[in-house]
C-alpha cells in the first residue's frame, strides 16, 4: 500500500505543538514571530523554534516552518538572516508563498526543502509540474479542488501533494484575496487578514450601481464558510495518492489540536488495518463537533460548490445541540438533554429575540437533586441567561470532560529528556584540573581549569564534592550519569573554579552538539550562504533586463487598457493607447466571441496597438482544452499572452513557445527577486502588486521598473471563489432553468454600511467579487513617470463602452497633456459609488 499518509498538525503555540506531537502527528507546521501568515497566533521566537525542532525530532516528528507571506523589497535582507537560522536549526522544510523568496532559496540554498504554500494558488497539473521543475519538493494544493481533480494531478506529477483535511476554510482561492487589504489595510497576503468574509451581507441585483431588488438567501452570512471535515471520506482522499493531510488551527487552543489529531490518527490507522471496512465511531464525530464547528462541509472535495459550503446563520462556533427549552421559570429552564452535561460545561442559547447568550453550567438539577452530571436523555433544570423563552435551542459550546481529556494528553510532555553525561576528572599537582566528557550520543570534549591544582592546606577535593558541583546542571540540557575521579591525594581547587569549569563544559558540549547536528542537516556553510546571498541580491536588483528582452524602450509612460467585451475594445482602440488586453474567457455578462477576438487582432495591427489575450486567473484542468482551442484558432496572431498563475506560464511555454508572456498582478509581485524570477522565466512585462505603495515602489531600481506595469484605475477584484452566491441562495444550480438566468444578473453584496460589492460570474462558474469603489490615480501620474515605470493600466473589465471611452480619454489627456483637477472630478461623476487611491499612499500592514 506504500507509505502512510502524513498527518500534519498546526502549532500556533508551544502547548499546541506538544498536543499535536503527543496525539499522533507525523509533522507539525509553525511560524516564527515574523514572515508568517498567522501574525495573530502566539508563534515562536528563535529560541523557541530551536527548542521546537529539538523536541519534535526527538519524537520522530518533522517540523515545517511557515515563511508564507509576500515580502516587501525592504524586508529582504532581514529574511536572508532568518532563513539561514531556520536552516541551521534543522527545519525539515520551509513553506513559502512569495516567488521571490522561492527563487532566492533555489538559487542560494538548494538543499533546504521548500513546500509551496496554498497561497501560491496551485490548482491544476500545469502548476504542480511547474513547481516540480523548479526543484520544489511539495505543493499544498488549493482547497477548491475535487477528489477527482486531486487524483488527476497525483496520477500525472512527481511532486508531493498536500491538502487540507479539517478546520476553517477561506471563501476565496488562497493567495487571490485582497478583501481585508483593500477595505481595511490588513493584508491576508501579509498574515493579517481581518476576515471580512465572516461579516453579514445581503444579496442584491443592481443596475448602474443602484440596488434594483434584494434576493432571498438562507441567511446573512453569505460568504462565511463552514468548517472542513473529511473524516467520512478519508479512504477516497488517501486513495488519490496525496502525501500529506494538513489540519488548520494555528489560532486554535491546544485542546482543539489534541482532539482533532487524535481522532484522525485513530481513523487513519483503522483504514490501513482494514481499508474495505472503514468506519467512524459516533463518539469521534461528537467530539469533532463539540471541540469546534461552524457546521461541517467537505468543501469542494465531492463537487459541492454552493450552499453546503456556507454557514448562513452565523460565522462562529456552533457547539453541539443540547436540547430545547421545555419550560422556563424565571432563569431556570427545563431541558431534555440530547447530550451528556457536566458542571463546568459552557452553553449558548439561541434566543428568539436578541441573538445568542451564553454561560457556564454551575448547577444541574435532576429528579429533585443537585448532581455533578446528567446523561443524554435526562430531563434537567439549569440556569439560563435572561430573555430565554420556551422552545429556544441550547448548544453546548464547551465540554469540560472533553477538554480535560485533551489537556491530559500533553500536559506532562513539555520537556525533552536530559542528556546523560559520563565525566572523567583528572588532577595532578601544578597542572589544570581536566574534565573528559562523553555524552549519550558519543560526542566527546575536554576542558581544563584556568587555575592549577594546588596542595591542600585544609580541605582537599573529594569525589562527593565533585559530584555535587559538576552535577548542578538543572537549567541545561544535561544530567550527570557517571563520574570517575583520578586525582592525586590532598589536592585543592577552589569551588568557584570548579563551577566555572562546569559552565565551560556545558558551553563546549553545546557547541560540539550544535556542530554535530548541523553536520547532519547542512551542506552549505554560513560563509558560502552569505556570499551567495549577497551576490544574488546585488545581481537581481541591478541586472539590466532590457538587453535580453524584446520590449519597447518607453520615451514616456505608456497607457494600457484591460477590457471585458468587444464593444469596449472597439472604443478603447480609438484612444491613444499602447496595449489592450482582451479576455479569452469573458465574464457571463460580457461578450467576446471567437470572431470578435480575430477581428480585434486585425484592428490592433492596423492601428499599431498591441492586442494581448489574457487567460483566466483560475484555470482548472477541465477548462484547459477550451482555452487551448481558442488560442489555437487565433493562429498566434497576437502580440503575447497575459497570465495570472504559475500553471499558465507552463501552459503557454508548452503549447505556444514563441509567445511573449505578460504577467498580471495576480502573480503577487512585491520584490525585486520576484521580478527577477519571472523575467528569467521569459516573461516580458510584469504588473506589480496593487498592495505596493509609492514608498515601496521607490525601493525598486530603474532597471526593474522599466519593465513594470502598475494598475492605476478600475474595480479591483477582492476575491475569486468557486462558490456562486446566487446558486447557493437558491439551492443547487440548474443550468438549464431559472438559475441559468439568475447567475447572469448584475449582482452585488451589500454590507452593513450599505456599500455595494459587485460580482461577476465567469465561464467556469467562478465568482469574482470587486471592491465597492474604483481605484483612481489620475491625479498622480507624475509619480509614476518620476519612477520610470514602463506603463500604467486601466482595468475596465466591468465597465460599459461609454464609461470605457470616457475613462480612456481622461487618462490619455492627463498622460499626454498634463494632469488637471477637473479630470478627477469627472471620474468621480462616472463612479458615484466612490473612488479610492488604494494602497499607493497608505501601504498595507
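Numbering (our numbering), first residue to last: -8 to 836. Even glycine gets a Cβ: it sits at the ideal position worked out from N, Cα and C.
Problem - Rounded C-alpha distance that separates residue 4 from residue 398 - result: For the purposes of this step, residue 4 is taken as the residue at position 13 of the chain shown. For the purposes of this step, residue 398 is taken as the residue at position 407 of the chain shown. For residue 4 and residue 398, the distance between alpha carbons rounds to 14 angstroms.
Practice task
Assign residue 162 to one of three DSSP states: helix, strand, or coil.
Solution key: Residue mapping note: residue 162 aligns to position 171 of the chain shown, counting from 1. The answer is coil: DSSP assigns residue 162 none of H, G, I, E or B.
Practice task
Check each candidate in 62, 736, 567 and 353 and name the one with the smallest Cα separation from residue 578.
Solution key: Stepping through the chain shown from its first residue, residue 578 is reached at position 587. Measuring C-alpha to C-alpha distances from residue 578 to each of 62, 736, 567 and 353 identifies 736 as the nearest.
Practice task
Per DSSP, which residues does residue 315 bridge with? Please list them.
Solution key: For the purposes of this step, residue 315 is taken as residue 324 along the chain shown, with counting starting at 1. DSSP links residue 315 through a beta bridge to 384.
Exercise for the section: Let me know if residue 51 comes out buried or exposed under the rule of 16 or more other beta-carbons within 10 Å of its beta-carbon. Expected result: Within the chain shown, residue 51 is the residue found at index 60, counting from 1. Residue 51 sits exposed, since fewer than 16 C-beta atoms from the chains shown fall within 10 Å of its C-beta.
Exercise for the section: May I ask you to report which of helix, strand or coil DSSP gives residue 369? Expected result: Here residue 369 refers to the residue found at position 378 of the chain shown. DSSP places residue 369 in the coil class of the three-state scheme, outside both helix and strand.
Exercise for the section: Kindly list the residues whose CB is nearer than 6 angstroms to the CB of residue 445, restricted to its own chain and excluding five residues on each side of it in sequence; keep chain order. Expected result: By one-based count along the chain shown, residue 445 stands at place 454. Here the set comprises 483.
Practice task
Tell me, to the nearest whole angstrom, how far the beta carbon of residue 845 is from that of residue 629; I am working on the premise that it is less than 8 angstroms.
Solution key: In the structure displayed, the chain extends from -8 to 836; residue 845 sits before or after that span and is not available.
Handout entry: Inter-residue spacing [alpha-carbon to alpha-carbon] between residue 681 and residue 771
Key = In the chain shown, residue 681 corresponds to position 690, counting from 1. In the chain shown, residue 771 corresponds to position 780, counting from 1. Near 15 angstroms, if we compare the C-alpha coordinates of residue 771 and residue 681.
Handout entry: Counted within 10 angstroms of its Cβ, other Cβ atoms place residue 777 as buried (16 or more) or exposed
Key = Within the chain shown, numbered from 1, the residue matching residue 777 stands at position 786. So residue 777 ends up on the exposed side.
Practice task
Rounded to whole angstroms, what's the CA-CA distance from residue 18 to residue 221? Just pull it up for me.
Solution key: Locating residue 18 in the chain shown gives position 27, where the first residue counts as 1. Locating residue 221 in the chain shown gives position 230, where the first residue counts as 1. Roughly 19 angstroms between the two C-alpha positions.
Exercise for the section: List the residues that DSSP assigns as beta-bridge partners of residue 324. Expected result: Working through the chain shown from its first residue, we reach residue 324 at position 333. According to DSSP, residue 324 shares a beta bridge with 319 and 373.
Exercise for the section: Inspect the CB distances between the stretch 552 to 564 and the stretch 780 to 790 and report whether three or more fall short of 8 angstroms. Expected result: With the rule of 3 Cβ pairs closer than 8 angstroms, the stretch 552 to 564 counts as touching the stretch 780 to 790.
Problem - Length of the line joining the Cα atoms of residue 186 and residue 171 - result: Taking the chain shown and counting its residues from 1, one reaches residue 186 at position 195. Taking the chain shown and counting its residues from 1, one reaches residue 171 at position 180. Across the structure, residue 186 and residue 171 are spaced so that their CA atoms are roughly 6 angstroms apart.
Practice task
Tell whether a beta-carbon distance below 8 angstroms holds between residue 92 and residue 62.
Solution key: Looking up residue 92 in the chain shown gives position 101. Looking up residue 62 in the chain shown gives position 71. Result yes, Cβ atoms of residue 92 and residue 62 sit closer than 8 angstroms.
Practice task
Tell me whether residue 493 sits in a helix, a strand or coil according to DSSP, three-state version.
Solution key: Here residue 493 is taken as the residue at index 502 of the chain shown, counted from 1. Reduced to three states, the DSSP call for residue 493 is helix.
Exercise for the section: For the stretch 111 to 151, list the beta strand (DSSP E) runs that are entirely contained and at least 3 residues long, ordered along the chain. Expected result: Qualifying beta strand (DSSP E) stretches, in chain order: 129 to 131.
Handout entry: Span separating the alpha-carbon of residue 389 from that of residue 335
Key = Numbered from 1 along the chain shown, position 398 holds the residue referred to as residue 389. Numbered from 1 along the chain shown, position 344 holds the residue referred to as residue 335. One C-alpha to the other measures close to 8 angstroms.
Practice task
Taking 8 angstroms as the cut-off, decide whether the C-beta atoms of residue 392 and residue 450 are in contact.
Solution key: The residue labelled residue 392 in the question sits at position 401 within the chain shown. The residue labelled residue 450 in the question sits at position 459 within the chain shown. Not in contact: residue 392 and residue 450 (Cβ atoms no closer than 8 angstroms).
Exercise for the section: Please classify residue 535: is it buried, with 16 or more other beta-carbons within 10 angstroms of its beta-carbon, or exposed? Expected result: The residue you call residue 535 lines up with position 544 of the chain shown. Its pLDDT being 49, under 50, residue 535 is placed unreliably by the model, and nothing is read from it.
Problem - Boundaries of the alpha helix (DSSP H) in which residue 47 is found, first to last residue - result: On the chain shown, position 56 is the one that residue 47 refers to. Per DSSP, residue 47 belongs to the alpha helix (DSSP H) from 37 to 49.
Exercise for the section: Measuring only between beta-carbons, confirm whether residue 161 sits less than 8 angstroms from chain B. Expected result: In the structure shown, chain B does not exist; there is a single protein chain.
Problem - Beta-carbon separation (whole angstroms), residue 826 vs residue 765, contact threshold 8 angstroms - result: Numbered from its first residue, the chain shown carries residue 826 at position 835. Numbered from its first residue, the chain shown carries residue 765 at position 774. Yes, residue 826 and residue 765 are in contact; Cβ-Cβ is about 5 angstroms, under 8 angstroms.
Practice task
Tell me where the alpha helix (DSSP H) around residue 276 begins and ends.
Solution key: As a position in the chain shown, residue 276 is number 285, starting the count at 1. That run of the alpha helix (DSSP H) goes 273 to 282.
Handout entry: Closest residue to residue 250 among 13, 410, 20 and 417 (Cα-Cα distance)
Key = Counting from one through the chain shown, the residue named residue 250 turns up at place 259. Of the candidates 13, 410, 20 and 417, 13 places its Cα closest to the Cα of residue 250.
Exercise for the section: Evaluate contact between the stretch 746 to 764 and the stretch 704 to 719, counting only Cβ atoms and requiring at least three cross-stretch pairs below 8 angstroms. Expected result: Cβ pair count under 8 angstroms is three or more, so yes.
Problem - Span separating the alpha-carbon of residue 81 from that of residue 503 - result: Along the chain shown, one-based indexing puts residue 81 at 90. Along the chain shown, one-based indexing puts residue 503 at 512. A direct Cα-to-Cα measurement between residue 81 and residue 503 gives close to 15 angstroms.
Practice task
Identify every run of the beta strand (DSSP E) within the stretch 426 to 498, keeping only runs that are complete inside it and at least 3 residues long; order them along the chain.
Solution key: You should have 435 to 443 and 469 to 478.
Handout entry: Nearest to residue 402 (by Cα), restricted to the options 8, 379 and 440
Key = Residue mapping note: residue 402 aligns to position 411 of the chain shown, counting from 1. Each of 8, 379 and 440 was checked against the Cα of residue 402, and the nearest Cα belongs to 8.
Practice task
Within 10 angstroms of the Cβ of residue 411, are there 16 or more other Cβ atoms? Answer buried if so, exposed if not.
Solution key: What you label residue 411 is simply residue 420 of the chain shown in a count that begins at 1. With a 10 Å radius around the Cβ and a threshold of 16 neighbouring Cβ atoms, residue 411 comes out exposed.
Handout entry: Chain-order list of residues whose beta-carbon lies under 7 angstroms from that of residue 15 (same chain, five-residue window excluded)
Key = Against the chain shown, residue 15 aligns to sequence position 24. The answer, listed in chain order, is -2, 252, 253 and 256.
Handout entry: Check whether residue 443 and residue 427 have beta carbons under 8 angstroms apart
Key = For the purposes of this step, residue 443 is taken as the residue at position 452 of the chain shown. For the purposes of this step, residue 427 is taken as the residue at position 436 of the chain shown. Cβ distance not < 8 angstroms, so residue 443 and residue 427 don't count as in contact.
Handout entry: Paired residues, beta bridge with residue 361 - DSSP
Key = As a working note, residue 361 is residue 370 in the chain shown. Residue 361 is bridged to 356.
Exercise for the section: Return the CA-CA distance between residue 164 and residue 614, expressed in angstroms with no decimal places. Expected result: Mapped onto the chain shown, residue 164 falls at position 173. Mapped onto the chain shown, residue 614 falls at position 623. Approximately 17 angstroms, taken between the alpha carbons.
Practice task
Report buried or exposed for residue 285, applying the criterion of at least 16 other Cβ atoms within 10 angstroms of its Cβ.
Solution key: The residue labelled residue 285 in the question sits at position 294 within the chain shown. By the 10 Å Cβ count, residue 285 comes out buried.
Practice task
Output yes or no for whether 8 angstroms exceeds the beta carbon distance between residue 70 and residue 116.
Solution key: For this step, residue 70 is matched to residue 79 along the chain shown. For this step, residue 116 is matched to residue 125 along the chain shown. Not a contact, by the Cβ cut-off of 8 angstroms.
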